[in-house]
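Just below is one structure, and these are the notes that go with it.
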Amino acid sequence: MSVLKQLRTGRCCQRLSNLLQTAPQQSQYSSLSPASVLAALQARLADSGAVPSSAAHVPATHWQQSPALEALSRRGYVQPAYAETSSDEEDEAPKKVAKPQRPRRSGLIAVKAGMTHAWDEHGARIPLTVLWVDSCQVIQAKTDARHGYTALQLGIGSKRAKRMPAKERGHFAQAGQPLKRKLAEFRVTEDALLPAGTELRADHFVAGQYVDIQGTTLGKGFQGVMKRWGFAGQPASHGNTKAHRKAGGTGACQDPGKIWKGKKMAGQMGNKLRTVLSVWIYKVDPARNLLWVRGQVPGHKGNFVKIEDAVMKTVQQQPSRPFPTVVEHGSQIVTAPAPQNAFQVPH
1 MSVLKQLRTG
11 RCCQRLSNLL
21 QTAPQQSQYS
31 SLSPASVLAA
41 LQARLADSGA
51 VPSSAAHVPA
61 THWQQSPALE
71 ALSRRGYVQP
81 AYAETSSDEE
91 DEAPKKVAKP
101 QRPRRSGLIA
111 VKAGMTHAWD
121 EHGARIPLTV
131 LWVDSCQVIQ
141 AKTDARHGYT
151 ALQLGIGSKR
161 AKRMPAKERG
171 HFAQAGQPLK
181 RKLAEFRVTE
191 DALLPAGTEL
201 RADHFVAGQY
211 VDIQGTTLGK
221 GFQGVMKRWG
231 FAGQPASHGN
241 TKAHRKAGGT
251 GACQDPGKIW
261 KGKKMAGQMG
271 NKLRTVLSVW
281 IYKVDPARNL
291 LWVRGQVPGH
301 KGNFVKIEDA
311 VMKTVQQQPS
321 RPFPTVVEHG
331 SQIVTAPAPQ
341 NAFQVPH
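With full-length UniProt numbering applied, the sequence shown covers 1 to 347.
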């Protein structure tokens with residue numbers, strides 16, 4: 001088979017195929033030797049711009065993306081140094097510019113004290129959850145240079161030394177802080193880092209703002225599909241025996257021959273980490289370190305929860321907040337203004 005036929009039938013790039021189809025006097029290549037045909041084709045490709053005339057300016061990516069040049073190299077017609085050359089264009093590729101981060105301050109650890117309710121000026125009942133911030137302090141500040149990210153490690157409560165492992169006692173001793181019952185980390189920006197020992201109180205948040213609260217839900221044990229997923233169940237009669245509360249068909253037969261991951265079936269219900277988004281703060285009591293938030297919060301009474309600024313709310317939708325935290329703590333109870341009554345009859 002001639003070289004011209006090999007180039008036509010081989011894996012050639014589109015520009016080389018079009019060039020061979022439109023080349024005038026193609027019959028003259030049949031009487032030449034393979035080396036002469038190759039020299040003629042290389043000269044014509046260099047004139048047309050399909051292949052550069054100088055091998056030093058050909059990038060490696062061009063070599064990898066050109067099947068025609070790869071085929072010529074396998075036949076020994078092209079030197080290996082032609083593919084090993086690099087291009088200056090790769091070094092001058094535009095680099096990705098990181099998006100500017102908006103300031104992000106630390107959150108708080110609190111204890112769920114219980115639930116109550118209040119009545120607003122319109123006569124509407126507001127269910128409230130009371131959260132207690134029990135001596136929340138900064139234990140450690142993590143920096144990007146040393147740890148790879150910026151964060152604040154907070155501790156809450158108190159714990160006796162004999163009920164704490166030696167490694168944890170050494171961690172608090174190295175930080176020079178008292179023993180805490182619960183530790184948690186909050187990602188922050190560099191301008192929101194606080195020194196170890198700084199106390200964060202309830203007035204770190206303001207009344208009327210929205211926060212995200214994370215906690216562990218109530219564990220309900222192993223439950224069936226009717227309680228866990230709300231299935232309707234099967235008929236009580238008409239031939240049904242001992243399958244009134246079962247799930248029924250799972251939809252898997254010989255094909256695919258398995259149960260797909262995530263299928264709603266009986267199993268452990270509750271006792272999982274969940275986050276409630278955009279919870280409204282109704283009242284702040286700095287003197288007793290209490291927060292009243294509207295609605296329910298995951299967890300039992302006495303469980304620890306993490307409170308952070310709401311991520312789904314913009315800066316314009318939130319009231320002004322102290323950054324990175326409050327410097328002078330007050331004692332006045334602040335209640336959020338009552339929301340507008342949507343059912344009020346216009347006068």
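Glycine included, each C-beta is placed from N, C-alpha and C at the ideal position.
In the DSSP assignment, no residue is bridged to T189. Taking the Cα positions, E308 is about 7 Å away from L108.
In this chain, the alpha helix (DSSP H) harbouring Q174 covers 166-175.
Linking P94 to W119 through their CA atoms gives a straight-line distance of about 59 Å. Annotated three-state conformation of R228 is helix, per DSSP.
In the three-state DSSP reduction, H117 falls in the strand class (E or B). Inter-residue distance for Q174 and A145 is about 20 Å (C-alpha atoms, whole angstroms). The C-alpha of H117 is placed about 10 Å away from the C-alpha of A124. Straight across, the Cα-Cα distance linking S278 with A236 is about 43 Å. Distance between V225 and K142, taken at the CA atoms: about 44 Å. Straight through space, the alpha carbons of Q268 and G215 are spaced by roughly 17 Å. Between the region 195-211 and the region 319-338, the count of C-beta pairs closer than 8 Å reaches three or more; the two stretches touch.
According to the DSSP assignment, A145 belongs to the alpha helix (DSSP H) that extends over 144-147.
Nearest neighbour of A161 by Cα position, chosen from T129, Q177, K301, turns out to be Q177.
The C-beta distance from E185 to Q153 rounds to 5 Å, short enough to fall under 8 Å. Under the three-state reduction of DSSP, K263 is assigned to coil, being neither helix nor strand. For V130, the closest of F231, K283, T335 by C-alpha to C-alpha distance is K283. By the Cβ-count criterion, V311 is exposed, with fewer than 16 other Cβ atoms from all chains shown falling within 10 Å of its own Cβ. With at least 16 other beta carbons inside 10 angstroms of its own, N289 counts as buried. About 13 Å separates the beta carbon of L193 from that of I139, a gap too long to meet the 8 Å contact definition.
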